[in-house]
Amino acid sequence: MTASPQPGSTHPHPVSHRPSPPPSFPSPVSGHSRFVQRLRRRYAAELSLLPPGAPVLAHMAAAYESLRSRGDNVADALRTVRQLVMERLITLDCDEQAPLAVVTTAVTELAEFALDVACHEACAELDAMHGSPIGANGERAQLWVVGMGKLGARELNVSSDIDLIYLYDNDGETAGDVDGRGKLSNQEYFARAVKRIYALVGDTTEHGFVFRIDLALRPNGNSGPSVVSLDALEEYFQVQGREWERFAWLKSRVVAPRSVVTSGSAQALRGVVLPFVFRRYLDYSVFDSLRTLHRQIREQASRRSAGRPERANDVKLSRGGIREIEFTVQLLQVVRGGQFPELRTRPTLDALQRLARANLMPQEMADALASAYEFLRRVEHRIQYLDDQQTHVLPVNDDDVRWIAQTLGYADCCEFLAQLDTHRELVAQEFDKLLGGKAPCKGCNGGGRSAPPTDLSDLIEELPEAFAERIKAWRDNPRILALRDETRVRLRQLVQRTGQWLREPDSEAPGKVGHHIEGALRWADWIEPLLRRENYIALLVERPAVQERLLRLLGSAKWPARYLMQHPGVIDELASDEMLSGRFVVSEFERELEARRASLMRTGEADEERLLNLLRHAHHAEVFRTLARDVDGRITVEQVADDLSALADSVLRVTAQWCWPHVRNPHRDQPQFAIIGYGKLGGKELGYGSDLDIVFVYDDDDDRAGEVYAAYVRKLINWLTVQTREGDLFEIDTALRPNGNSGLLTTSFEAYEKYQLGRGSNTAWTWEHQAMTRARFVLGEPSLGERFDRVREAVITAPRDHEALKAEIVAMREKVRAARPVKPDRFDVKHSVGGMVDAEFAVQFLLLSAAKDHPELIPNVGNIALLLRAEGAGLLPEGVGQKAAAAYRELRRVQHRARLNEEPTQVPLTSLVAEREAMLALWKAVFD
Numbered sequence: 001m002t003a004s005p006q007p008g009s010t011h012p013h014p015v016s017h018r019p020s021p022p023p024s025f026p027s028p029v030s031g032h033s034r035f036v037q038r039l040r041r042r043y044a045a046e047l048s049l050l051p052p053g054a055p056v057l058a059h060m061a062a063a064y065e066s067l068r069s070r071g072d073n074v075a076d077a078l079r080t081v082r083q084l085v086m087e088r089l090i091t092l093d094c095d096e097q098a099p100l101a102v103v104t105t106a107v108t109e110l111a112e113f114a115l116d117v118a119c120h121e122a123c124a125e126l127d128a129m130h131g132s133p134i135g136a137n138g139e140r141a142q143l144w145v146v147g148m149g150k151l152g153a154r155e156l157n158v159s160s161d162i163d164l165i166y167l168y169d170n171d172g173e174t175a176g177d178v179d180g181r182g183k184l185s186n187q188e189y190f191a192r193a194v195k196r197i198y199a200l201v202g203d204t205t206e207h208g209f210v211f212r213i214d215l216a217l218r219p220n221g222n223s224g225p226s227v228v229s230l231d232a233l234e235e236y237f238q239v240q241g242r243e244w245e246r247f248a249w250l251k252s253r254v255v256a257p258r259s260v261v262t263s264g265s266a267q268a269l270r271g272v273v274l275p276f277v278f279r280r281y282l283d284y285s286v287f288d289s290l291r292t293l294h295r296q297i298r299e300q301a302s303r304r305s306a307g308r309p310e311r312a313n314d315v316k317l318s319r320g321g322i323r324e325i326e327f328t329v330q331l332l333q334v335v336r337g338g339q340f341p342e343l344r345t346r347p348t349l350d351a352l353q354r355l356a357r358a359n360l361m362p363q364e365m366a367d368a369l370a371s372a373y374e375f376l377r378r379v380e381h382r383i384q385y386l387d388d389q390q391t392h393v394l395p396v397n398d399d400d401v402r403w404i405a406q407t408l409g410y411a412d413c414c415e416f417l418a419q420l421d422t423h424r425e426l427v428a429q430e431f432d433k434l435l436g437g438k439a440p441c442k443g444c445n446g447g448g449r450s451a452p453p454t455d456l457s458d459l460i461e462e463l464p465e466a467f468a469e470r471i472k473a474w475r476d477n478p479r480i481l482a483l484r485d486e487t488r489v490r491l492r493q494l495v496q497r498t499g500q501w502l503r504e505p506d507s508e509a510p511g512k513v514g515h516h517i518e519g520a521l522r523w524a525d526w527i528e529p530l531l532r533r534e535n536y537i538a539l540l541v542e543r544p545a546v547q548e549r550l551l552r553l554l555g556s557a558k559w560p561a562r563y564l565m566q567h568p569g570v571i572d573e574l575a576s577d578e579m580l581s582g583r584f585v586v587s588e589f590e591r592e593l594e595a596r597r598a599s600l601m602r603t604g605e606a607d608e609e610r611l612l613n614l615l616r617h618a619h620h621a622e623v624f625r626t627l628a629r630d631v632d633g634r635i636t637v638e639q640v641a642d643d644l645s646a647l648a649d650s651v652l653r654v655t656a657q658w659c660w661p662h663v664r665n666p667h668r669d670q671p672q673f674a675i676i677g678y679g680k681l682g683g684k685e686l687g688y689g690s691d692l693d694i695v696f697v698y699d700d701d702d703d704r705a706g707e708v709y710a711a712y713v714r715k716l717i718n719w720l721t722v723q724t725r726e727g728d729l730f731e732i733d734t735a736l737r738p739n740g741n742s743g744l745l746t747t748s749f750e751a752y753e754k755y756q757l758g759r760g761s762n763t764a765w766t767w768e769h770q771a772m773t774r775a776r777f778v779l780g781e782p783s784l785g786e787r788f789d790r791v792r793e794a795v796i797t798a799p800r801d802h803e804a805l806k807a808e809i810v811a812m813r814e815k816v817r818a819a820r821p822v823k824p825d826r827f828d829v830k831h832s833v834g835g836m837v838d839a840e841f842a843v844q845f846l847l848l849s850a851a852k853d854h855p856e857l858i859p860n861v862g863n864i865a866l867l868l869r870a871e872g873a874g875l876l877p878e879g880v881g882q883k884a885a886a887a888y889r890e891l892r893r894v895q896h897r898a899r900l901n902e903e904p905t906q907v908p909l910t911s912l913v914a915e916r917e918a919m920l921a922l923w924k925a926v927f928d
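According to the numbering used here, the sequence shown is numbered sequentially starting from 1.
Given below as structure tokens:
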């Protein structure tokens, strides 16, 4: 698991506490605690062993050594230190309003210290009798004490038990005593060590205990061995691991002995635990598991309080209690932590803020839950301060409740209880909203009702004919019949919902669905191949709004269905209510990617394959967001192109940064390198699935530069184009580099500059200068960007023979048209006479022939803006540029819609007449 900050350290809104009213209890107010009264009587002489202030690890260790030096045995010294720490914490919390993190951190460090001492003591005793445990590698086998729950998250409460799992890293046997006798298997050695650790920490003596120890979370629970090897744990996860155990292991951490933590050897546990807790996909199947677990906890709490109404006020397990906050957080972490590693953290308060930053929870709700969590934890501590009992139930004694209220800063019990109810109601509502649904009815007298139906037959007669025929094919489909009954019940729910959606009327109005039946049929085609991947069905069942948005999207155009076939995991993006109203934001995209990479690096998972998949998933999700806004009519064609182009720039920039350290023998920390974009990338007119026309250049005098940058570019192209389980990023076209496909894959900027400016025998052709009109600097050294802009300007403004230039461009236009023949009765919006290509060639001629005298044409601002500037400069007759710009915009829109619906971009000659005439007028004004 990942390392995490101390609890509360990232929470920006700590609970505020009003000044305490005049005390109605003896001063200091902590003296009301019966537990404190006992401690101050019994350990009056030892209390000074802890220096003033919060009890930290160093202070505990010093107090322990003082007790040992006076003759206390290990067990007694540990227990006495525990009592001193408890007295100090109660004083700080109740009398001085210490922050929650002071208490939880101190109790956690006490547990770590005690377990470390106990481990060393137990192993020293066993080594003397049986020798050191030796693994297959000939080195000492190590015991790992894994802290679960609040110990793992560094948020222990003052009377908490500690949930432990004991592991060891290697099987083998001990070396034996000095005579080679008394050998034990490593399993037996560590089993005996566990018993000794329990005696030192968990047994109750005249000084009490250090911590109660609970081993129920170990593999196979109370029926399993007390300690297991790492290999056995991995096998257990793969064969028997249950869903609820994933939540338990979410907060796991090796807490002792300290030597294996500081040496890093315990990091091997991550490789076993992380794949078990976090799936590679969005894992909505855990919702039912958590519902079942939570229902069992509530039923257990109800049984405990039956006939004892005072037990119903449990701040941990009752409705709206601490456990429901923890479940809310953990559910979102487990569902998404596989794809979003930045969510992996143990402390609840830190996790809430990470969920808010990831837009999985409104910031206001994260802050409200954090405030509720701190409040409930502080109440829990005060309940336990009274008698050092492991209870979470409000006391029935009025004086005790009044004392709790006063130590929290409330004037009376009513105000305190009202605040308690407010927090718990907010928590309960959020938890119920997240899980949705109600617990299944158990029926009367414990009898279960009949199982929910799985058959689709009765639904079919209620469906529209085309969709009914499609679903009929599922009734006898072996793939459907082979599904688990639970999955078939879910599938039936989805078909039923789809039938209800089909009752809506078709409408071509903005934001409406024009073809409901097409959407339903595409949905069936999309989900059928995914039926064995139950997480997608679970997602749609758990999130009805996602299914409704998915159907709307599929009913709007064909291409979204194809994209979803290729990348089904992106449908989770539809869960966000804000997704459709937003736009692509470069800084947020790159910040999230860097946060995920940093999380992977902390857990040792940032290998090439994982980074490639991380880039692909992020890119596909962002493309899908743009696609959803597009088909819903929220953004224009130009805005789609702007967002897709900005996304491509960002992905190229991040990929280039991440790829460089993976190049063999890089000779500098950062490459002196740049990418030049051409074509649609250069003109910021990218569409869905556009390839990228790019040229790679470098400016580096190092003797190794040519070889290193060639290797870098090969790897970079591989990172961008290789197919992984998440697909690819882009198709890359480097044909516009100097000398085209026969030239070097990357070239020095000096050689690139000479080629473009015609210095020497190897120079660029006119068509390459045409391409330069749409070129732009995409990423790299800023100084190279400035040099490129100067080269581009020099190319565009170079003196030319206008007639010769005109003849070459017209000839090139005819060549392109001949390669794209169109039937006489059809008009291709791009390639026909009067199509978009005419405008593009006209703009290129205007730039290459007139930019020298009209510098306002030099900036790469796109064809529409350049047509308007050309008219403003007097290069086009009045109105010609404006009409051509409007026509170009409309033709782009028609082309875009046709591609979304996978329809031809050729229309009848009777269509788009005004646009075609505007383009012909432009061509005539420029070339005739």
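Cβ atoms here follow ideal geometry from the backbone N, Cα and C, with glycine treated the same way.
- As a beta-bridge residue in DSSP terms, R826 pairs with P908.
- Beta-carbon to beta-carbon, D825 and L909 are separated by about 6 angstroms, close enough to satisfy the 8 angstroms threshold.
- Counting along the chain, E731 sits inside no alpha helix (DSSP H), nor does DSSP assign it H or E at all.
- Shown here for V261: same chain residues with a beta carbon closer than 8 angstroms to its own, the five before and five after excluded, namely V254 and V255 in chain order.
- Per the C-alpha coordinates, the member of G138, S226, E608 and L784 positioned closest to V663 is E608.
- Sorting E508, S66, A509 and E518 by C-alpha distance to the C-alpha of L502 places E518 at the top.
- For F113, the enclosing alpha helix (DSSP H) covers residues L100 to H130.
- For I676, the uninterrupted beta strand (DSSP E) segment begins and ends at F673 to Y678.
- Of the residues assessed, W765 falls on the exposed side of the cut-off, its CB having fewer than 16 other CB atoms within 10 angstroms.
- Approximately 5 angstroms separates the beta-carbon atoms of Q672 and E781; this is inside 8 angstroms, confirming the contact.
- Non-local beta-carbon contacts of D163 in its own chain, meaning distances under 6 angstroms to residues more than five positions away in sequence, involve M148, G149, D214 and L217 in chain order.
- Excluding the 5 residues flanking it on each side, D728 has same chain C-beta neighbours closer than 6 angstroms at T721, in chain order.
- With fewer than 16 neighbouring CB atoms inside 10 Å of its own CB, N73 falls in the exposed class.
- Burial check for V913: the Cβ neighbour count within 10 Å stays below 16, so the residue is exposed.
- Look at A468 here: in three-state DSSP terms it is helix.
- Spatial neighbours of P362 in its own chain (CB-CB distance under 8 angstroms, excluding positions within 5 residues in sequence) are listed in chain order as A356.
- Straight-line spacing of the CA atoms in L521 and L494 works out to 13 angstroms.
- In the structure shown, P133 adopts extended strand secondary structure according to DSSP, grouped into three states.
- T422 and K316 have their C-alpha atoms roughly 15 angstroms apart.
- A residue is called buried when at least 16 other Cβ atoms come within 10 angstroms of its Cβ; A918 meets this threshold and is buried.
- Annotated three-state conformation of E173 is strand, per DSSP.
- For A256, the enclosing beta strand (DSSP E) has its first and last residue at R253 to A256.
- The way I'd put it, the region 842 to 860 does touch the region 783 to 796; three or more beta-carbon pairs between them come closer than 8 angstroms.
- With contacts defined by Cβ atoms closer than 7 angstroms, D693 and Y678 form a contacting pair.
- The three-state reading of DSSP puts I635 in coil, since its state is none of H, G, I, E or B.
- By the 16-neighbour rule on beta-carbons within 10 angstroms, P257 is buried.
- A straight-line Cα-Cα distance of about 26 angstroms links V227 and Q390.
- Between the region 829 to 840 and the region 884 to 891, the count of C-beta pairs closer than 8 angstroms reaches three or more; the two stretches touch.
- With respect to L417, N313 sits apart: the two C-beta atoms are not nearer than 7 angstroms.
- Between the region 699 to 714 and the region 742 to 760, the count of C-beta pairs closer than 8 angstroms reaches three or more; the two stretches touch.
- According to the DSSP assignment, S66 belongs to the alpha helix (DSSP H) that extends over L57 to S69.
- Rounded to the nearest whole angstrom, the CA to CA distance from D400 to A368 is 27 angstroms.
- In the DSSP annotation of this structure, G147 is not part of any alpha helix (DSSP H); the continuous beta strand (DSSP E) holding it starts and ends at L143 to G147.
- With fewer than 16 other beta carbons inside 10 angstroms of its own, A466 counts as exposed.
- Taking the Cβ atoms as the reference, L531 lies roughly 13 angstroms from I471, outside the contact range of under 8 angstroms.
- The three-state secondary structure of L394, taken from DSSP, is coil.
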